[in-house]
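Chemist: Provided herewith is a single structure, encoded as structure tokens, for subsequent inquiry.
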Amino acid sequence: MSKTTVNEQNITCPLCKNNRGIITGKPEISTAAYQFIRHDYSVVQCANCGYYFVNPPIDFTGEEWQQLYNSSYFAEMTKWHQKQRIIDIQARFTKLKNYCTNDIKNFLDVGCGEGWGLIEAVKLGWNSYGIDISDNRVNEAKNGNINFTPGNLPDACYPDSFFDCIYMDSVLEHLIDPVSYLKEINRIMKRGGILYLGVPNEDSLFNNVKRILYRLKGDKISEKIKPFETPYHVGGFNQTSLPAAASKTDFKIVELRNFAAHFEFRKYTINSKNFWMHLFLLPVDILAILLRKEIYLEAYLKK
Ligand SMILES: [Zn+2]
């Protein structure tokens, strides 16, 4: 199947504003979304910065987004997954401390979810702030030392140069305009402060394998991003486009890393569809380590 170059007038890359792109296929549309969204969307890769996005651009109303983000978004975690997530957060926080010029006083978790990052920040003596569209915090993350704001970051109006450290894991790929978000984060960050960004790597070996499977089935579905299916990723990053997003702001990348939680099948309940799929794909996980094409990317950015 040859890749189609998109007509110059038709697209604008949300990251770099370039007008040329390559269609990688059609996005999958969930049954929930099928009734109220248009069906002519494509997944496009920008020919300049490599960012993946949906064309035509998504312009859902707040109500339509709410219909997509229902309670089914937060899947049940296994004990192994929960423990692993806390170990990952602790390792990232150690790096953030080392990279930050200032002693960390004010910490913000954007898209704080269940609040595990907020809890770990309190343990380190940081003033812990969290923001998320809806409050899904576990009870331990609801104590008096934690400041929580429901809603969107731009509406929170935090003061200029307030935070020493901002943590944003699995958020950027959900945003229609990631650059404006990064600019807002830059505004509220102190000079010398540090930002953590974690995103899926759309050019992972796992996605390449999916592309082969889709082609064998004869589907024209794109293996990149999932705009209308949980987890509703509307943009997709790789090792080129994540630095491209950072370059639109006053942040400098101090570390960019490709990684994965090895043996991902342990994240899922035994016998679930995902468990068997990831167990079956274990050789792909191992090969991805060798090829440095693992399924996540993380960046540490300094102001
Ligand atoms: Zn671009």
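In the numbering used here, each number is its position in the sequence shown, counted from 1, plus 2. In this text, a Cβ means the ideal position worked out from N, Cα and C, and glycines have one as well. A quick note: this is a predicted structure, and the numbers were derived from the prediction, not measured.
1) Around the C-beta of Glu296, are 16 or more other C-beta atoms found within 10 angstroms, so that it is buried, or is it exposed?
2) Going by DSSP in three states, Thr33 sits in which element: helix, strand or coil?
3) Please report the Cβ distance between Asn188 and Phe253, rounded to the nearest whole angstrom; I am assuming they are in contact, meaning their Cβ atoms lie under 8 Å.
4) In three-state terms, what does DSSP make of Asn260?
5) So does Ser17 have its beta carbon nearer than 8 Å to some heavy atom of ligand 1?
6) Quick check: the Cα distance between Asn210 and Pro233, rounded to an integer number of angstroms?
7) What residues are listed by DSSP as bridge partners for Ile24?
8) Throw me the rounded Cβ distance for the Arg139 and Glu122 pair, which I believe falls under 8 Å.
9) Based on Cα-Cα distance, which residue from Leu110, Ile196, Phe165, Leu258 lies nearest to Leu299?
10) Are Thr14 and Tyr54 touching if we call contact CB-CB under 9 Å?
11) Between which two residues does the alpha helix (DSSP H) containing Asn149 stretch?
12) On the three-state DSSP scale, how would you describe Asn188?
13) Return the Cβ separation of Ile178 and Pro16 in integer angstroms, given the expectation that the two are a contact with Cβ distance under 8 Å.
14) Is the separation between the beta-carbon of Asn21 and that of Tyr43 shorter than 9 Å?
15) Take Ala143 and list the residues in its own chain whose beta-carbon comes closer than 6 Å to its own, dropping the five residues that flank it on each side.
16) To the nearest angstrom, how far is the alpha carbon of Cys51 from that of Leu303?
17) At the level of alpha carbons, what is the spacing between Cys167 and Thr80?
18) Applying the criterion that 16 or more other CB atoms from any shown protein chain within 10 Å of the CB defines a buried residue, is Trp278 buried or exposed?
19) In three-state DSSP terms, what is Val276?
20) From Ala301 to Ile91, what distance separates their C-alpha atoms?
21) Quick check: does the Cβ of Ala248 come within less than 8 Å of any heavy atom belonging to ligand 1?
22) Just to confirm, are Phe109 and Phe165 a CB contact at a threshold of 9 Å?
23) Rounded to whole angstroms, how far is the Cβ of Lys305 from the Cβ of Gly195, which I believe are closer than 8 Å?
24) Just verifying my parser: in three-state terms, what is the DSSP assignment at Asp157?
25) Quick check on the DSSP output: the beta strand (DSSP E) that includes Lys305 runs from which residue to which?
26) For Cys159, does the count of other Cβ atoms within 10 angstroms reach 16, so buried, or fall short, so exposed?
27) Since Pro202 sits in a beta bridge, which residues does DSSP pair it with?
28) Where does the unbroken beta strand (DSSP E) through Phe55 begin, and where does it stop?
Modeler: Concretely, from the data shown:
1) buried
2) helix
3) 6 Å
4) strand
5) With the sequence shown as reference, residue 17 is identified as Leu, and Ser is not the correct amino acid for it. Result yes, Cβ under 8 Å from ligand 1.
6) Those two C-alpha atoms are separated by around 19 Å.
7) Thr7, Gln47.
8) About 13 Å separates the two Cβ atoms, so there is no contact after all.
9) Leu258
10) no
11) Per DSSP, Asn149 belongs to no alpha helix (DSSP H); it is in the beta strand (DSSP E), 148 to 152.
12) Helix.
13) Ile178 to Pro16, Cβ: 7 Å. Contact.
14) no
15) Taking C-beta separations shorter than 6 Å and ignoring five residues to either side along the sequence, the partners of Ala143 in its chain run Gly117, Leu120, Ile121, following chain order.
16) 19 Å
17) For the pair Cys167 and Thr80, the Cα-to-Cα distance works out to about 29 Å.
18) Exposed, since its Cβ has fewer than 16 Cβ neighbours within 10 Å.
19) Checking the sequence shown, residue 276 turns out to be Asn, not Val. Residue state, collapsed to three classes: helix.
20) If I take the Cα positions, the gap works out to 14 Å.
21) Ala248 has its Cβ no nearer than 8 Å to any heavy atom of ligand 1.
22) yes
23) 5 Å
24) helix
25) It is not in any beta strand (DSSP E) - Lys305 carries neither H nor E in the DSSP assignment.
26) exposed
27) Tyr298
28) 54 to 57
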